[in-house]
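Numbering (my numbering), first residue to last: 40 to 288. Worksheet: the structure to be examined is printed underneath.
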Amino acid sequence: MMKTLKEQVIDNQLPRHVAIIMDGNGRWAKKKGNIRIFGHKNGVAAVRETTEAAAEIGIEYLTLYAFSTENWQRPRTEVDALMSLLIQSINNETSTLQKNDIQLQTIGDVASLPVNVQKKLNEVIEATKNNKRTVLTLALSYSSRWEITKAVKNIATQVKQNTLNIEDINEELIPTFLNTANLPDPELLIRTSGEQRLSNFLLYQLAYTELFFTPKLWPDFRKNDFYEAILAFQGRERRFGKISEQLKK
Ligand code: IPE
Ligand code: IPE
Ligand code: MG
40 MMKTLKEQVI DNQLPRHVAI IMDGNGRWAK KKGNIRIFGH KNGVAAVRET
90 TEAAAEIGIE YLTLYAFSTE NWQRPRTEVD ALMSLLIQSI NNETSTLQKN
140 DIQLQTIGDV ASLPVNVQKK LNEVIEATKN NKRTVLTLAL SYSSRWEITK
190 AVKNIATQVK QNTLNIEDIN EELIPTFLNT ANLPDPELLI RTSGEQRLSN
240 FLLYQLAYTE LFFTPKLWPD FRKNDFYEAI LAFQGRERRF GKISEQLKK
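Spelled out as structure tokens, the structure:
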């Protein structure tokens, strides 16, 4: 019998960290003759499916780009709807997180979110903090340039206060000043909706990440789409600047 996509996934060659740019909600709604917010509402099922799919095959870290710094510039009604939806879906999905042993955390300028969103997030972060299977990180009011700017300021401050030597600034130290300090770099980045750009997401962390673009719009993304991306990843040869023959040793 034909193996399912999930069965084809090679257990000992999993990416530890998968990051996703969830894109295409607005276009999905428009195609259905509906308003953009309808697309965002229908994106929640895709978040649930993806999170479960990741936990089921044992992905340690899943990071979802949910709201960018630039997204604040969208019409007020859309931003408000996204914030309400965030609270509502965190409420509804907490049981999914507990059932699948998933820990929630965030990256981004969380302090810029409405206070009730922050409160809800903190509640669930606290409630899931001992969960071990998968760490689900939501990027909220996140942008990579914001994150890097903050890191540079913090590094400069420490140098000025003589708690850090310039000689000690290196490629291992810099990531410890990023929001993702407790995460390994993603091995795989997925972006839905057919756009092929990073939109200010994890610029430092994605240096050697495999990129997977799919035309699927985010509300249509399901477990099998996730497994398909994992399988594509497992077919890639990651050379890190070396030549193929050097990898075989
Ligand atoms: C992604 O879908 C969700 C967010 C950025 C919040 P979009 O809202 O960007 O949908 P499109 O790209 O306009 O179709
Ligand atoms: C990127 O999507 C941000 C999120 C998915 C949260 P956008 O739809 O905002 O990206 P651009 O503006 O098309 O690049
Ligand atoms: Mg978009």
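Glycine included, each C-beta is placed from N, C-alpha and C at the ideal position.
Where DSSP assigns a beta bridge to Ile60, which residues make up the other side? Tyr104, Arg230
Under the rule that 16 or more other beta-carbon atoms within 10 Å means buried, what is Ala68, buried or exposed? buried
Between Asn221, Ala190, Thr43, Asn218, which has its C-alpha nearest Asn209's C-alpha? Ala190
Start and end residues, beta strand (DSSP E) containing Tyr247: Per DSSP, Tyr247 is not a residue of any beta strand (DSSP E), being assigned neither H nor E.
Based on DSSP bridge pairs, tell me the residues matched to Tyr266. According to DSSP, Tyr266 bridges with nothing at all.
Hey, is Ser134 close to ligand 3, as in C-beta under 8 Å from one of its heavy atoms? Checking every heavy atom of ligand 3 against the Cβ of Ser134, none is found closer than 8 Å.
Express the C-alpha separation of Ala92 and Leu237 in angstroms, rounding to a whole number. 23 Å
To test your reading of the DSSP string, which unbroken beta strand (DSSP E) runs of 3 or more residues are found completely within the region 170-245? 173-181, 227-230
Are there 16 or more other CB atoms within 10 angstroms of the CB of Pro254, so buried, or fewer, so exposed? exposed
As a quick exercise: from Leu152, Ile98, Asn139, Gln144, pick the residue whose alpha carbon is nearest that of Leu121. Distance check between Leu121 and each of Leu152, Ile98, Asn139, Gln144 places Leu152 closest, using alpha-carbon atoms only.
By DSSP, does Leu143 sit in helix, in strand, or in coil? strand
List in chain order the residues whose CB is within less than 5 Å of at least one heavy atom of ligand 1. Asp62, Gly63, Asn64, Gly65, Arg66
When Leu242, Ile194, Glu206 are compared against Leu181, the one with the closest alpha-carbon: It should be pointed out that residue 181 corresponds to Tyr in this sequence rather than to Leu. For the residues Leu242, Ile194, Glu206, the minimum Cα distance to Tyr181 belongs to Leu242.
Here's the rule I'm using: 16 or more other beta-carbon atoms within 10 Å means buried, otherwise exposed. How should Val154 be labelled? Result: exposed.
How far does the alpha helix (DSSP H) with Ala150 in it reach, from first residue to last? In the DSSP annotation of this structure, Ala150 is not part of any alpha helix (DSSP H), being labelled neither H nor E.
Output needed for Gly72: all residues of its chain with C-beta closer than 7 Å, excluding positions within five of it in sequence on either side, in chain order. none
Looking only at C-alpha atoms, which of Phe272, Arg277, Gln285, Phe279 sits nearest to Asp50? Between Asp50 and the set Phe272, Arg277, Gln285, Phe279, the nearest pair of CA atoms involves Phe272.
Within a Cβ cutoff of 6 Å, which residues of the same chain sit near Leu125, ignoring the five residues on either side of it in sequence? Val156
Report, in whole angstroms, the separation of the C-beta atoms of Ile129 and Lys159, which I expect to be a contact under 8 Å. 5 Å
Quick check: is any heavy atom of ligand 2 less than 8 Å from the C-beta of Phe260? no
9 Å Cβ cutoff met for Asn289 and Phe216: There is simply no residue 289 to check, as the chain begins at 40 and stops at 288 in what is shown.
Determine the contact status of Asn218 and Lys45, defining contact as a CB-CB distance below 9 Å. With respect to Lys45, Asn218 sits apart: the two C-beta atoms are not nearer than 9 Å.
For Asn130 and chain D, any beta-carbon pair shorter than 9 Å? Among the chains in the structure shown there is no chain D, since it carries only a single protein chain.
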